[in-house]
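Working notes, beginning with the structure itself.
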Amino acid sequence: MLPALLIGLKTSNMYERLTNILIQQNGTFRFKGPWFTGLNLVVTSEPQNVEHLLKTRFTNFPKGNFVKDTVSDLLGDGIFAVDNETWQKQRKTASIEFHSTKFRKLTIESLFELVNNRLIPVLDSSLKKSVSIDLQDILLRLTFDNVCMIAFGVDPGCLQPNLPVIPFAAAFEDATEAILLRFPSLACVWKTMRFLNLGMERKLKKSIQKVDEFAENVIRERKKELSLENEHDDDDDTRKSDLLTVFMRLKDENGMAYSDKFLRDICVNFILAGRDTSSVALSWFFWLIDQNHEVEERILEEICRVVSEREEIKKEEFDNNCLRFMPEEIKKMDYLHAALSEALRLYPSVPMDHKEVIIKV
Numbered sequence: 048m049l050p051a052l053l054i055g056l057k058t059s060n061m062y063e064r065l066t067n068i069l070i071q072q073n074g075t076f077r078f079k080g081p082w083f084t085g086l087n088l089v090v091t092s093e094p095q096n097v098e099h100l101l102k103t104r105f106t107n108f109p110k111g112n113f114v115k116d117t118v119s120d121l122l123g124d125g126i127f128a129v130d131n132e133t134w135q136k137q138r139k140t141a142s143i144e145f146h147s148t149k150f151r152k153l154t155i156e157s158l159f160e161l162v163n164n165r166l167i168p169v170l171d172s173s174l175k176k177s178v179s180i181d182l183q184d185i186l187l188r189l190t191f192d193n194v195c196m197i198a199f200g201v202d203p204g205c206l207q208p209n210l211p212v213i214p215f216a217a218a219f220e221d222a223t224e225a226i227l228l229r230f231p232s233l234a235c236v237w238k239t240m241r242f243l244n245l246g247m248e249r250k251l252k253k254s255i256q257k258v259d260e261f262a263e264n265v266i267r268e269r270k271k272e273l274s275l276e277n278e279h280d281d282d283d284d285t286r287k288s289d290l291l292t293v294f295m296r297l298k299d300e301n302g303m304a305y306s307d308k309f310l311r312d313i314c315v316n317f318i319l320a321g322r323d324t325s326s327v328a329l330s331w332f333f334w335l336i337d338q339n340h341e342v343e344e345r346i347l348e349e350i351c352r353v354v355s356e357r358e359e360i361k362k363e364e365f366d367n368n369c370l371r372f373m374p375e376e377i378k379k380m381d382y383l384h385a386a387l388s389e390a391l392r393l394y395p396s397v398p399m400d401h402k403e404v405i406i407k408v
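Okay, structure coming up:
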């Protein structure tokens with residue numbers, strides 16, 4: 048068991064190896080490493096166990112000190128690194144804003160802008176030149192631009208026609224990769240490397256400095272913008288509604304403005320949440336579509352049906368050879384929703400989740 052698990056953790060097909068072990072062990076197994084590692088785990092993939100951990104007894108299974116210790120250099124006190132009241136407050140505040148009309152409008156508008164004016168031109172250019180592209184990279188650039196516009200209210204420009212290297216995006220990618228490599232490593236090893244400033248830990252330190260520098264500059268500029276706002280301007284439509292600006296206008300439980308560090312942590316965590324999950328899900332979805340042409344045909348039939356129900360199609364949509372679908376139209380696409388759900392079931396964007404236990408039964 049130990050060699051198989053450790054080999055799996057160090058290879059590119061880690062999830063397939065873990066899945067095979069879980070199948071052999073009927074969905075759940077206990078793993079105890081050598082005494083000096085402190086590893087004492089229960090690994091499970093059984094739906095009823097997952098529901099118990101993530102829903103029924105959620106408060107009994109926090110992320111714990113292991114996760115916080117591993118990710119806090121990058122994520123700080125953001126929602127992916129904290130538990131209990133801190134987690135609940137951040138989640139509640141963010142949830143209220145995510146469901147607001149203004150925030151939804153921002154999300155839709157930014158996505159329309161990116162898809163119509165960047166993604167489709169890049170794909171068209173590739174088609175006309177008969178040049179292959181890395182779709183996963185393209186989708187990652189798309190989602191990164193989108194979440195940055197929603198979180199910070201700034202456009203990093205990853206999905207420009209020439210597909211440039213953006214320092215902030217590259218630093219964020221390097222930082223998340225280095226953090227992930229900590230998980231299969233012994234804490235004493237990566238902490239020693241961090242202390243000595245060696246290897247991936249050295250790369251992580253430099254990357255986090257670049258991420259922090261970007262966040263600090265945006266926060267500083269946004270504060271200047273907010274200070275210049277006309278206090279008598281009651282027109283909400285003219286105000287920014289990105290996540291950073293929203294939290295800057297809010298107060299904590301003591302009636303004080305949130306610190307720059309808190310604002311930085313909130314936005315960095317949101318970027319992490321929206322960037323990889325969306326791009327990975329879309330990458331797997333399009334790969335599965337390519338493998339299942341019947342599904343592709345049924346999705347296209349459904350899209351054509353929704354378009355046929357329109358009273359009129361705007362001229363610019365014909366001119367640009369690009370149809371824009373509104374949220375209420377997408378809600379009618381049941382088969383597309385089912386196909387996306389099945390893709391997520393087969394290839395979840397977050398295939399593993401670590402929990403600790405605070406109550407033993």
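The sequence shown begins at 48 in our numbering and counts up one residue at a time.
Backbone N, C-alpha and C fix where the C-beta goes; we use that ideal spot for every residue, glycine too.
Keep in mind the model is a prediction, meaning the values are calculated, not measured.
Asked                                                                                                                                                                            : Found
Taking the C-alpha atoms as reference points, what is the distance between ILE167 and GLU344?                                                                                    : 21 Å
Helix, strand or coil: which one does DSSP assign to ALA128?                                                                                                                     : coil
Could you spell out where the beta strand (DSSP E) holding LEU182 opens and where it closes?                                                                                     : Not the beta strand (DSSP E): LEU182 falls in the alpha helix (DSSP H), residues 182-198.
Just confirm the distance between the C-beta atoms of ALA216 and PHE191, as a whole number of angstroms; I'd bet it's less than 8 Å.                                             : 6 Å
Assign SER88 to one of three DSSP states: helix, strand, or coil.                                                                                                                : In the sequence on display, residue 88 carries Leu and not Ser. If DSSP states are grouped into helix, strand and coil, LEU88 belongs with the strands.
Does ALA219 come out as helix, strand or coil in the three-state DSSP assignment?                                                                                                : For the record, residue 219 in the displayed sequence is Phe; it is not Ala. Correct three-state label for PHE219: helix.
I'd like to know if the stretch 165-185 and the stretch 201-211 are in contact, where contact means that at least 3 CB-CB pairs between them fall below 8 Å.                     : yes
Using C-beta distances below 6 Å, list every residue in its chain close to SER330, excluding the 5 sequence neighbours before and after it, in chain order.                      : GLN183, LEU186
Answer yes or no: do ASP312 and GLY123 have a C-beta to C-beta separation smaller than 8 Å?                                                                                      : yes
Tell me whether the stretch 97-104 and the stretch 230-242 touch, counting them as touching only if at least three CB pairs, one residue from each stretch, are closer than 8 Å. : no
Taking DSSP as the reference, what is the three-state secondary structure of LEU65?                                                                                              : helix
I'd like the ranges of any alpha helix (DSSP H) spanning at least 4 consecutive residues and lying wholly in the stretch 213-264.                                                : 214-229, 234-243
Tell me whether GLU248 is buried or exposed, calling it buried when 16 or more other Cβ atoms sit within 10 Å of its Cβ.                                                         : buried
May I have a chain-ordered list of the alpha helix (DSSP H) segments no shorter than 4 residues that lie completely inside the stretch 273-361?                                  : 290-296, 307-338, 340-355
Where ALA218 and ILE255 are concerned, what is the direct C-alpha to C-alpha distance, given to the nearest angstrom?                                                            : 7 Å
Tell me which same chain residues have a C-beta within less than 6 Å of the C-beta of LYS115, skipping the five on either side of it?                                            : ALA128
Report the option in SER177, ILE197, LYS136, LEU319 whose CA atom is closest to the CA atom of GLU160.                                                                           : ILE197
Could you tell me if LEU242 is buried or exposed, where buried requires 16 or more neighbouring beta carbons within 10 angstroms of its beta carbon?                             : A quick correction: the sequence has Phe, not Leu, at residue 242. The residue in question, PHE242, is exposed, as its Cβ has fewer than 16 Cβ neighbours within 10 Å.
Taking 8 Å as the cut-off, does the stretch 260-270 touch the stretch 283-297 (at least 3 CB pairs, one atom from each stretch)?                                                 : yes
Between the Cα of ARG138 and the Cα atoms of GLU156, ASN87, ALA320, ASP202, which residue gives the shortest distance?                                                           : ALA320
Taking the alpha-carbon positions, what's the SER157 to ASP181 distance?                                                                                                         : 23 Å
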